[in-house]
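Notes for the one structure printed next.
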Amino acid sequence: MIQTLAIIKPDGVKRGLIGDVIKRIEEHGLRIVAMRMMLLSKERAEFFYAAHRGRKFYDSLTSFMCSGPCLAMVLMGENAIGRWRELMGETDCTQAAEGTIRRDFATDIQKNVVHGSDSEAAAIFEISCFFNRFEISA
Ligand code: ATP
Ligand code: MG
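Written out as structure tokens, the structure reads:
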């Protein structure tokens with residue numbers, strides 16, 4: 071059983087998409103084992119996305135991520151990392167497959183509604199940014 075970090079980004083929270091996203095997670099058989107609403111500071115957003123430091127979109131991405139509250143969740147299940155990324159769809163919503171969250175709801179490459187860890191190492195780091203082990207009901 072693998073855990074992954076899912077975030078409903080500020081655009082998704084503002085647009086009232088929490089229910090739609092959670093419905094898809096549960097229908098897909100992924101278990102939500104932790105959940106927290108959080109308004110990130112710029113420093114925390116930069117720390118969280120440190121892997122992208124140096125990319126041209128880093129400053130605008132980290133500003134966007136602290137433009138309103140995020141809903142962070144730990145998802146658990148077999149191949150949770152890959153299954154959640156499959157549900158999200160491609161980063162660029164114009165390239166995302168039909169039926170994915172980003173295809174159905176994202177408005178541009180940055181405001182793409184959801185985040186998901188892309189590897190086991192990333193998942194461990196990213197989960198630790200939002201939850202301690204007593205906050206995860208696995
Ligand atoms: P995430 O890490 O948020 O789950 P991802 O793994 O699909 O998304 P990454 O390449 O890790 O995509 O990029 C992180 C985030 O940075 C994207 O989800 C998007 O919000 C933003 N982003 C990526 N590429 C661009 C770009 N070219 N211009 C603006 N924002 C971008
Ligand atoms: Mg990523």
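Take 71 as the starting number for the sequence shown in the working numbering and just add one per residue.
In this text, a Cβ means the ideal position worked out from N, Cα and C, and glycines have one as well.
- For residue 143 against residue 102, the beta-carbon gap comes to about 5 Å, under 8 Å, which counts as contact.
- At the C-beta level, residue 136 and residue 166 stay beyond 8 Å of one another.
- Under DSSP, residue 120 shares a beta bridge with no residue.
- The beta-carbon separation of residue 78 and residue 87, rounded to 7 Å, stays under the 8 Å limit for a contact.
- Bridge partners of residue 140 according to DSSP: 108.
- Residues of the same chain with a CB within less than 7 Å of the CB of residue 206, apart from the 5 flanking positions on each side, are 103, 104, 144 in chain order.
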